[in-house]
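Visitor: The structure's right below; bear with me while I get my questions together.
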Amino acid sequence: MPDFRLLLIDDHALFREGLCLVLRQHFPGASIVEAISVTQAINLVKDAPDVILLDILLQGPDGIEGVAIFRQRWPQVPVIMLSSMAAPETIAQALERGAFAFVSKADSSSAIVQTVERALVATEPGIARDSAVSRAGENQLIRLTARQSEVLQLLCDGLPNKVIAKRMSLSEFTVRGHVQAIFGLLGVTSRTQAIVSARKHGLVA
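So for the sequence shown, UniProt numbering puts the first residue at 1; every next one is plus one.
Here it is in structure tokens:
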């Protein structure tokens, strides 16, 4: 993958250092600028980076405000949101303000790397438009049963399998089966990714 510029904004030094190490291992030619706040990032970076990794919980303008600021400043730059914990409503706000994707800090480092790779591909000439068309086509291909739709809605509400099972009068084993089937249909591997995908595809309220 060609050299690129990445802006990482996170006020947790240990996480930032660890993520930079992972990113430099996967992207040896990448130029990574670190900042602890949106304000510092704007002061440090004058030219548009290729990708922005942005923590949600920050001092000053938080990540949600930051998305809007960066989308206005650099409309073509994909912003990937990071957080150790985030309510579905917060994720939805970030996506509505133009975030490219959301990745939980609890996910594997490979999930962040893969999301950065997708963001880079999406900004290549001609690819963004094709990706948008592709996603529109995907909307038509995702077909959930009524039961799966109900499970997905409760999952997006932040409920664990045990509570979903009780709400729906099902066994926890059955709910786990529905969740895995939903993951397969959405092409995801975690609850966080499922929530993001479901909201992007308009599968939940």
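From the three backbone atoms N, C-alpha and C, an ideal C-beta is built for every residue, glycine too. Only a predicted model underlies this, so the values are computations on that prediction, with no experimental measurement involved.
Helix, strand or coil for M81 per DSSP?
Guide: DSSP places M81 in strand when its eight states are reduced to three.
Visitor: Quick check on this structure: which residue in V196, G184 and F70 has the alpha carbon closest to the alpha carbon of L7?
Guide: When each option's Cα is compared against that of L7, the closest is F70.
Visitor: DSSP state of R5, grouped into three classes?
Guide: Reduced to three states, the DSSP call for R5 is strand.
Visitor: Out of V188, E172, T90 and L144, state which residue places its alpha-carbon closest to the alpha-carbon of V157.
Guide: Correcting the residue identity first, residue 157 is Asp in this sequence and not Val. Taking only the C-alpha atoms, the option nearest D157 is T90.
Visitor: Between which residues of its own chain and G137 is the CB-CB distance below 7 Å, once the five residues before and five after are set aside?
Guide: Bear in mind that the predicted position of G137 carries a pLDDT of just 43, short of 50, making it too unreliable to give a figure here.
Visitor: Less than 7 Å between C-beta atoms, sequence neighbours within five positions excluded: which residues of the same chain meet that for K200?
Guide: Around K200: L95.
Visitor: Taking Cβ positions, are L152 and I112 nearer each other than 8 Å?
Guide: For L152 and I112, no; Cβs fall outside 8 Å.
Visitor: State the CB to CB distance for the pair L53 and I80, rounded to an integer number of angstroms; the pair is presumed to be in contact (CB under 8 Å).
Guide: At roughly 5 Å, the Cβ-Cβ gap stays under 8 Å, so L53 and I80 are in contact.
Visitor: Expressed to the nearest angstrom, what Euclidean distance is found between the alpha-carbon atoms of I42 and S104?
Guide: Their Cα atoms are separated by approximately 24 Å.
Visitor: Restricting to runs no shorter than 4 residues, where is the alpha helix (DSSP H) found entirely within the region 6-91?
Guide: If we require 4 residues or more, the alpha helix (DSSP H) runs fully inside the region 6-91 come out as 13-26, 38-44 and 63-73.
Visitor: With a CB to CB cut of under 7 Å and the five nearest residues on each side skipped, what residues in its chain are close to K162?
Guide: Excluding positions up to five away in sequence, the list reads E172.
Visitor: With H, G and I counted as helix, E and B as strand and the rest as coil, what does DSSP make of F100?
Guide: Looking at F100 - three-state DSSP - the assignment turns out to be coil, as it is neither helix nor strand.
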